[in-house]
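Here the structure is laid out as structure tokens; the discussion comes afterwards.
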Amino acid sequence: MKDFQYLAPRRLDEAAALMAEHAGSAQLLAGGTDLLIFMRNGRKSPEVVIDAKKIPELTRLQLDAGRLTIGAAVSCRTVWEHPEIIEKFPALADAATLIGGIQIQGRATFGGNLCNAAPSADTVPPVIVYGATAHIASARGERQAPVEEICTGPGLTSLAPDEILVSLSIPAPQANSGAAFLRFIPRNEMDIAVANAAARVDLDETGETISAARIAIGAVAPVPLYVEAAGAALAGKPVNDGSIASAARIARDASTPINDMRGTVEHRKQLVEVLTARALRRACDRARGEKIQ
Amino acid sequence: MSDTSPKNGFNVVGTSPIRPDGLDKVTGRAQFADDFHLPNMLHGKILRSPHAHARILSIDTSAAEALPGVRAVVTGADFPAVRHELLNQGTAGVLNIREMSENCMAKDKVLYDGHALAAVAADNPHDAELAVNLIKVEYELLPPVMNVRAAMADDAPVIHEDFHPGGFIAPTEKYLPNASRLQLGNGDPEQGFAEADLVLEREYTAETIHQGYIESHVTTVTWDSNDYVTVWTATQGQFALRDHLADIIQVPISNINVVPLEIGGGFGGKERLYIDPVAAFLSKKSQCPVKIAMRRDEVFRATGPSSGTYIKLKFGVKQDGTLTAAHLHMAYEAGAYAGGPLFLGVMSATSRYNIPNIHIDGFDVIVNKPTMRPYRAPGAPQALFAVEQMIDELACELGMDPIEFRMKNLMRSGDRLVPGFPLAPIDTEKMMETVKAHPHYQAPLEGANRGRGLAYSIWFNIGEISSARMQVNPDGSVTLATASPDLSGTRISLAMQAAETLGIDVEQVSPTVSDTQSIGFSLPSVGSRTTYSTGAVVCEVAQEILKQMCERAVLLWETDAGQVSVENGVFSNKAEPGQTITFNELAARMFETGGPISHHRTGHTQSFIPGTAAHLVDVEVDPETGKVDILRYTVFQDVGKAVHPDYVEGQMQGAAVQGIGMALNEEYFYDDEGRLKNASLLDYRLPTSLDVPMLETVVLESPNPAHPFGVRGCGEISIAPPPAAIANAIYDAVGVRLYSMPMAPRKVCAAVKAAEPAKAA
Amino acid sequence: MSGKSLVTATINGEEKQFLCEPRQSLLEVLRDVLYLTGTKEGCNDGNCGACSVIVDGVLLDACCMLAVEAEGSSVETIEGLATGDELHPLQRAFLEETGLQCGICTPGFLMSAKALLDKTPRPDEQQVRHWLAGNLCRCTGYDKLVRSVLKAVEA
């Protein structure tokens, strides 16, 4: 590996100034589970590495009146060990417990997973269906963006070279709301999704009708994909196999997977339909108050 | 843990004591190859071809040499033309040393993605890596040949202008520009098929797989000014490494000492050298010790995986279940150079059944992949994936119980195997009866998409040359050295055999693995041979030690030769009833009779000792995703005699899980240009702890007459049945046959989908 | 380029100072600078768990962390698992239950299992399998390895 300068700023403005100074040659280091590997195999060779983990805004995990803020450098393990997150945002816990093994979960972060912009990123579909907002800072100021607008292609994001993803914030879930995330891997652990799907449903007070839904799928398009039409098709529909199947079909039709070492087009399309349907069923069950780990 | 009480007349054999090397392994103190450091040691890194098939036009190392911290650079030009192109390995066949040298460092052509073509030694591994990346190579790209059928096609690009046919155990004959051939058979297949009531023809494929040991290949080499070369590494065979290295670097064998360090898994993949000659030349040029540690991607791209295959079967059977004829077309990848595991695949394909009319047409096929090397029961899993599915399919077609069908055609001791020699003594009927009576076979299997599968294997364990040296020390302790690297607990199983023979406690025996200067020649720890073959030699040495100790007692007691006997570690004088001396007491008095006793022996044991294994598996298939989950697994294996039952079970379980990985997910994935895309432990999917349940083991012990305690060896066979057993279970679960290994979810899903319209109709 | 940094960290309960380049991983420094070679390298990309260590109470792969990040941290490695001559119950169980064969993955499994028992003192088989899934073993098939952890729980 090429040597580099390691900096560990303790304030956000300090980090923003460093990112501006070294724009283009600096990389933010969160968990490092992707970045260090890319630096080792030459895919990335920054001259400056800026550690994000000493900056309070990036390491904060906070529930405030039901609204969740996940600092960009908060580890997956911190998320899945949080009892209130497991209860209120189960799809986040679903994803956080699936990434790598326990060792990787202790390091890998939601922010890093998003900025790494892999089409298969497991934490991204859940934050999309929860309607998360990305908070972004730079020496030029702060801005916000819907999380589904961050990834623009494999390994590419809408962040400028001097920008820092600070946190993701998620509004408090409504009553009778449930969400789930599922992925398919050939093994039972330690794998990259062949396809994944997250679903969130808001049910009416009877628990029989879907008032709103959001669906996002992964590893089947150049970016984790928010399938607005699939969610929209469920609004006002009863909770039953027919409505779930048609939403899953829309998700399948929205997918544009490729053949590679991890899966074939045909298998990925099949999987994304199956996973969307299963995630929807699980989300509905959770909305009705069932505890499903 | 097994019952540790002695039984069947044994005091030590059959118990499960704690291994002597265990303490260092649970505390982090054990010294594996990468844990070895020398003062002033440099770090070597290797430039590898990104192309599967190309001519090397030029290599420019000037930028690398100019980088600060770089101490030496070598290329194929530094590798001399070898003196002995062909090395006669006796029963192991003939090795082509020139090819072995070029596999370590290409000269004119690169033959696979990962083929080494230059190397750098620098002060630290990072700078060595940066320097390697500064080397400029010009290539003329040639079309890659990536599987056996492409390589055997009429218009296939020719990989070697000429090649020496492969000779792994049995010689083959050159047949096509990229393939050599081995034919075996008996009877008249045409006649046999005419007699059959049912004839099935099927094709099976398997992808290239890797042994997947967790420790990479690491070596440290010094080449001193007297041309003495010392190698510290993890190897399955320090003598093979020494002899091959001598021919490649052209120094006398006696100038080389290979010191085997702890080895972190091998499974057949660490009996060949890759980086040692490179480190040797870097050391010679830099005049410093040089360590080379392969990265994980290099291990996948450039060591010795196991063959992808194409197997076409035609089997004929009578209505009553009697097999009448078989034709097997078996094509095994050899990789870049000839000499893959073809013969063992051919040998084990039908070894369980008497088929009166049979023809096996085997092909050792050169392709643009790394040179295939043995992987635990080499060639057998691929062969059984085909044949044991065929057997199951025939039994299903005839409506016969799969065990009854196998019993009908069962090979028994003395029956003639396809290569012509008889099956050595083993109780094959008892194996079948044990499976049939087992609760797992009897238990009803309930639930949708669940199925049960069986596969059965006979595999042949190797004997041949082993060495052992024993010293009795004045405190009664015994030093036991062998030349057999310990992959998984063989030091304890050898110490136990020594203790059993000597009649002493196993704690008194200190077993070690020696370097090549300290002990006689031995074949590597391969072929399930260490506990059996080296064990037999250890027993012979122990007998000789007892004989010498009896002679010493004769001197002490001033009695007549032949009057002293020994039993359970107590020497007694027949001429003087009541006069006894214990092993320890006698050891303490050796100086009175000529000094401490030692004995060294290089012995030879019989090969092709059969072992049997049957595997029973229950699976559940998710027909929507194609995922196969293992619900229950039982391994039945005849090991002759389990010296250390816990480690025997560990071998059975470990082999089974490797077979499960191969069955379901493991495969080399090459792109159209012949680049390996999944050279990592992320995408080459070894099973994790969540992928398998506990594995029940049933140990059978029908003694091997070629070993004093009946040991057969047990390391390899249980890797062979899982793919076929799982394939048969998938069929039982969802009614589809998978003819392509691995039976990855994408394939299972596609097969289920393809069968749907047929089912509906 | 940037020269070496002086890092102060607590290693197995003892404060240590070491010099390292920013590009050196914690794994590299443990093995090649501090000569604590019990932590093994299996893949160097976070996919085998052979380099599992516990940093500030969190189990992680030492190959996926820079050594400079360890400044001020407390690092536990296999070398610190036993207390003097007294083996940790996990170490004893691995020996008695033959939870190892070649031994290269053993330190990583022991550290992972230790982290599990620190958090969940009485795990069931499924919890053990889930927690150990980030560690690859090619020899045992996991049966005796998982049994070893369960045995240590009983102890």
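Residue numbers (this note's numbering), protein chains in the order written: chain A, 2 to 294; chain B, 21 to 781; chain C, 619 to 773. Glycine included, C-beta positions come from ideal geometry on N, C-alpha and C. In this text, all values refer to a predicted model and were calculated from it rather than measured experimentally.
When CB distances to chain B are screened at a threshold of 8 Å, the residues of the segment 179-193 of chain A falling below it are Phe185, Pro187, Arg188, Asn189, Glu190, Met191, Asp192 and Ile193, in chain order. Cβ contact annotation for B:Val93 (same chain, cutoff 6 Å, sequence separation greater than five): Thr81, Ala84, Glu85 and Val140, in chain order. Nearest CB-CB separation between B:Pro765 and chain A: below the 8 Å threshold. Distance from B:Tyr352 to B:Ser368 at the Cβ level is roughly 12 Å; contact not present, criterion being Cβ atoms closer than 8 Å. Rounded to the nearest whole angstrom, the CA to CA distance from B:Arg470 to B:Val712 is 16 Å. The bridge partners DSSP lists for B:Gln657 are B:Ala633 and B:Val719.
Against C:Asn662, the close residues of chain B are Arg315 and Arg316, in the order they occur along the chain (beta-carbon pairs closer than 8 Å).
Spanning the alpha carbons of A:Ser256 and A:Ala194 requires a straight line of approximately 14 Å.
With the criterion set as a beta carbon lying under 9 Å from some beta carbon of chain A, the members of the segment 681-710 of chain C are Cys681, Cys682, Met683, Leu684, Val686, Glu687 and Glu689, in sequence order. Contact note: A:Arg12 does not reach chain C at a C-beta cutoff of 8 Å; the least C-beta distance is about 17 Å.
The alpha helix (DSSP H) runs lying completely inside the segment 214-240 of chain B and spanning 4 residues or more number zero. For B:His460, the enclosing alpha helix (DSSP H) has its first and last residue at Pro459 to Gln462. Contact between the segment 316-324 of chain B and the segment 369-388 of chain B is not established, with fewer than three Cβ pairs separated by less than 8 Å. Counted as a single uninterrupted DSSP element, the stretch harbouring A:Thr70 is not any alpha helix (DSSP H) but the beta strand (DSSP E) occupying residues Arg68 to Gly72. Inclusion of B:Ala415 and B:Thr391 in the CB contact set at 8 Å is not warranted, their separation being larger than that value. Around B:Leu137, the same chain offers Leu67, Arg68, Ser69, Ile76, Ile79, Thr95, Gly96, Met125, Ala126, Val130 and Val157 as residues with beta carbons nearer than 8 Å, after the five sequence neighbours per side are excluded. Comparing C-alpha distances from A:Arg184 to each of A:Val228, A:Val275, A:Asn177 and A:Thr207 shows the shortest one belongs to A:Val275. Distance from B:Asp267 to B:Leu107 at the Cβ level is roughly 7 Å; contact confirmed, criterion being Cβ atoms closer than 8 Å. The three-state secondary structure of B:His347, taken from DSSP, is strand. Sequence-ordered contacts of the segment 646-669 of chain B with chain C read Asp666 and Tyr667 [C-beta pairs closer than 7 Å]. Our two residues, B:Met610 and B:Pro616, have alpha carbons roughly 5 Å apart in a direct line. Cβ neighbours of A:Thr124 within its own chain (closer than 6 Å, five residues either side excluded): Ala96, Phe111 and Asn114. For B:Ser477, the nearest beta carbon of chain C is not closer than 8 Å to its own beta carbon. Look at B:Ala770: its C-beta is under 8 Å from a C-beta on chain A.
In this structure, B:Leu348 sits near B:Leu333, with a CB-CB distance shorter than 8 Å. Shortest Cα-Cα distance from A:Glu209 to any of A:Ile218, A:Met191, A:Leu235 and A:Val224 involves A:Leu235.
With 16 or more other Cβ atoms inside 10 Å of its own Cβ, A:Lys270 counts as buried. By the neighbour-count criterion, in which a residue is buried when 16 or more other Cβ atoms sit within 10 angstroms of its Cβ, B:Ser585 is exposed.
Assignment of beta-bridge partners to B:Thr250 by DSSP yields B:Thr242 and B:Asn277. Scanning B:Gly660, B:Ala518, B:Ala216 and B:Val492 for the CA closest to the CA of B:Gln568 turns up B:Val492. Identification of chain B residues near C:Gln719 by a Cβ-Cβ cut-off of 7 Å yields Ser508, Gly509, Gly670 and Gly674, ordered along the chain. For B:Ile680, the enclosing alpha helix (DSSP H) starts and ends at Pro665 to Leu684.
Put simply, the CB of C:Asp736 is far from chain A, with every gap to its CB atoms at 8 Å or more.
The three-state secondary structure of B:Gly324, taken from DSSP, is coil. Chain-ordered, the chain B residues with CB closer than 7 Å to the CB of A:Leu272 read Thr645.
Nearest C-alpha to B:Val558 among B:Met172, B:Val590, B:Tyr751 and B:Ala519: B:Ala519.
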